Amino acid sequence: QVQLVESGGGLVQAGGSLRLSCVARGSFFSLYVMEWYRQAPGKQRELVATITSGGSTNYADSVKDRFAISRENAKNTVYLQMNSLKSEDTAVYYCKTDRRGLTYWGQGTQVTVSS
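Letter 66 of the sequence shown, counting from 1, is numbered 66 in the working numbering, and no numbers are missing.
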């Protein structure tokens, strides 16, 4: 069983920055891929960033060079640093992991970017 708890969302002006955190409650955090997704109103949930157990990262084209995913295994935490935010980044952001064929999602944290 894994529980994911996100935090760090909020209201920010365009061009600003936010850092999201996701704490994973469960064992063997360091072994698993962690991902950030987002869902804007009326749109499908989309993959934003991925980090592997070895620290390799991958990003959606829309956030490349603006967002950075990282992990701190000692704290069972994955981060999403978001810079140069745009109004189109407004969404609920979720962290996700898959373990033994099961998918776990956090409850989400709202990010609102005002233009």
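Ideal Cβ positions, reconstructed from N, Cα and C, are used throughout, including at glycine. The structure displayed is predicted, hence computed values, not measured ones.
For residue i: DSSP bridge partner residues
i: Tyr94; result: Tyr37
i: Ser21; result: Ser7, Tyr79
i: Phe29; result: The partner list for Phe29 (beta bridge, DSSP) is empty, contrary to what the question assumes.
i: Glu72; result: Thr77
i: Ala49; result: Trp36, Tyr59
i: Gln13; result: Ser114
i: Leu85; result: None; Leu85 has no bridge partner.
i: Arg99; result: Leu102
C-alpha gap between residue i and residue j, whole angstroms
i: Ala68; j: Ala49; result: 8 Å
i: Leu102; j: Arg66; result: 30 Å
i: Pro41; j: Asp89; result: 11 Å
i: Ser53; j: Tyr32; result: 5 Å
i: Gln107; j: Ser115; result: 26 Å
i: Glu6; j: Asp61; result: 23 Å
i: Gly26; j: Gly16; result: 33 Å
i: Phe29; j: Val12; result: 30 Å
i: Met34; j: Arg100; result: 14 Å
i: Val2; j: Glu46; result: 21 Å
i: Lys43; j: Asn73; result: 32 Å
i: Arg71; j: Ile51; result: 8 Å
i: Lys75; j: Gly8; result: 16 Å
i: Ser84; j: Asp98; result: 30 Å
CB-CB length for residue i against residue j, believed under 8 Å
i: Arg38; j: Tyr93; result: 5 Å
i: Ala14; j: Lys96; result: That belief does not hold up - the Cβ atoms of Ala14 and Lys96 are roughly 27 Å apart, past 8 Å.
i: Gly10; j: Leu18; result: 6 Å
ask   = Is the number of C-beta pairs between the segment 75-95 and the segment 20-27 that are closer than 8 Å three or more?
value = Output reads yes: the segment 20-27 touches the segment 75-95.
task = Indicate whether the contact test is met: 3 or more Cβ pairs, each with one atom in the segment 100-114 and one in the segment 50-63, closer than 8 Å.
result = no
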